[in-house]
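Residue numbers (this note's numbering), protein chains in the order written: chain A, 1 to 304; chain E, 1 to 282.
Just below is one structure, and these are the notes that go with it.
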């Protein structure tokens, strides 16, 4: 704790506040810093959202996940009311699972790799947490990213060898191709590219009272299918269209990429590549998909 | 019941084709026309006679001019504009949260597209003969420089033209860069950077041509330009009448002095009617 305070005092850009701090020996009232957080909360889908403010003790090297853990532990807002803990998604805590994406100080990023010290440099007063704006909110910071995965289904982002026969070894992959493909394979489906994309806009399907689960699911899917597939899916389509086995259904992927909501929806803002936590060359994939779509469309017109 | 979705609309089914045609139309014919138009206008810098002869060349198309204008300029431009507005309506600019250069350009591309749309409508109304019923149509192809110069003379008009021309040029040159990505001409980040420099160079060149044309029109001596235009007009009329200007029939019959003496009182309404697209003497 003392180390933390010292470290904090060295950091002139931060706002600090003195509160009584009782350490293990029970006698210290050293200056301890707090971190202020405001969270845009929502109790359930379709309900009004509201801001709630929290104040939690500063600990060196915190990330946003540890803020949220502390918020859950104290379950108390800054004005002292007992409140339900803030709900959020997370799993791996090392920027691999892609589940803790949220808007931190207004920008899409992973909560696990968003370090508090850096965030306080951006906004010393308060850290702002909001759920992603392009997906329906389930509760607080938890969103339903079903459309992200539906997009992967639309472009068949897989290698089609799903049976129990022994097909023998697959074709060999040249090292150049491996190097080309590897960055694309590091996608963690976090959705940052979609959140930052001005062309990817929110689609929220709400289940009607008289609607069966199956009917709702199919209506939801067709709503998703009318919207932009997104940079992640375009890049995955290019990954598997470059794969020697995956390219066996290359035409099906191009068919999907040139259907409604396909590659043509890209507006070339190039935010996707700028916010991608994995630095995936998404705009290269988009341009390659554009070229493939050009060739494919010409082939479709003249080869049939 | 299994939710049988209503089959998607014609526009939804052909979205890819429509958007690609939209992209193509921006380059050919609309963009190509823009380049020709700005370079033609910039020829005024070489003098009113040069500009007049360029205009005469275009108007030598005669009765073909109107169908060519509609097929290769107005309709493609209208198509590009309509689809453009659909694209703008479906997007959600977020440059406030993500102030990257690419995103700023994305936003500017839409803003300049809308500015260009308004500007072009105003520009056509003001100068093209289509605008005659609306009190415009001031461009007289027989007096190209002087009629344009008089229209552009108010400072506010010139400033609005500068904004309109620069917006249009930005929209075109930035659109050229994004078109290359859309069609997959440049795919790697390095190739995109190189293409970007080329787009910037084209933009600067066209912006210079546009502003040069504007400056050239403003600095023109209207009376002198009118005299030159009248002389050229007389020569054309005589040639069409089967006479050579050297046949001894001097152009006094057209009495250019009469018109040059009062370009300010009746500057833009020649008796033959404003800016008829029909060729001289047709």
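A virtual CB, placed ideally from N, CA and C, is assigned to each residue, including glycine.
Keep in mind the model is a prediction, meaning the values are calculated, not measured.
| Item | Value |
| --- | --- |
| Which residues mark the beginning and the end of the beta strand (DSSP E) in which residue 49 of chain A is found? | 49-57 |
| Step through the CB atoms of chain E and report whether any lies within less than 8 Å of the CB of residue 226 of chain A. | yes |
| Just to check, is the beta-carbon of residue 46 of chain A closer than 7 Å to a non-hydrogen atom of the ligand ADP? | In the structure on display, the ligand ADP does not appear, and there are no ligands present to speak of. |
| Mind checking whether residue 256 of chain A and residue 155 of chain A have CB atoms under 8 Å apart? | yes |
| Pull up the CB-CB distance for residue 131 of chain A and residue 68 of chain A, whole angstroms please, since I reckon it's below 8 Å. | Wrong, their Cβ atoms sit about 12 Å apart, outside the cutoff. |
| Alpha carbons only, please: which of E:64, E:180, E:160, E:229 is nearest the one belonging to residue 121 of chain E? | E:160 |
| Go ahead and label residue 292 of chain A buried or exposed: buried means 16 or more other beta carbons lie within 10 angstroms of its beta carbon, across all protein chains shown. | buried |
| Only counting the same chain, and skipping five residues up and downstream in sequence, which positions put a Cβ closer than 8 Å to that of residue 224 of chain E? | 48 |
| Starting from the beta carbon of residue 262 of chain A, find every residue of chain E whose beta carbon is closer than 7 Å, and list them in chain order. | 16 |
| I need the straight-line Cα distance from residue 185 of chain E to residue 295 of chain A, nearest angstrom please. | 11 Å |
| What residues are listed by DSSP as bridge partners for residue 63 of chain A? | A:115 |
| Mapping the DSSP letters down to three states, classify residue 313 of chain A as helix, strand or coil. | Any answer about residue 313 of chain A is impossible in this case: the structure gives chain A only from 1 up to 304. |
| Quick check: the Cα distance between residue 283 of chain E and residue 158 of chain E, rounded to an integer number of angstroms? | With chain E represented from 1 up to 282, any question about residue 283 of chain E goes unanswered, as that position is not in the structure. |
| Across which residues does DSSP place residue 37 of chain A in a beta bridge pair? | A:54, A:127 |
| Note the first and the last residue of the continuous beta strand (DSSP E) segment covering residue 101 of chain A. | 101-104 |
| Shortest alpha-carbon distance to residue 184 of chain A belongs to which of A:243, A:196, A:147? | A:243 |
| Of all the options E:12, E:238, E:141, E:203, which has the alpha carbon lying nearest to the alpha carbon of residue 86 of chain E? | E:12 |
| Within 8 Å of any Cβ in chain A, is that where the Cβ of residue 187 of chain E sits? | yes |
| What in chain E is Cβ-close to residue 286 of chain A, meaning under 8 Å? | 181 |
| Given this structure, state the Cα-to-Cα distance separating residue 136 of chain A from residue 145 of chain A, to the nearest angstrom. | 8 Å |
| What are the complete beta strand (DSSP E) segments, minimum 3 residues, inside the region 246-291 of chain A? | none |
| For a contact defined as C-beta to C-beta under 8 Å, what are the partners of residue 196 of chain E on chain A? | Correct list: empty, because the minimum Cβ distance to chain A is about 11 Å. |
| Give the DSSP-derived three-state secondary structure of residue 132 of chain A in the structure shown. | coil |
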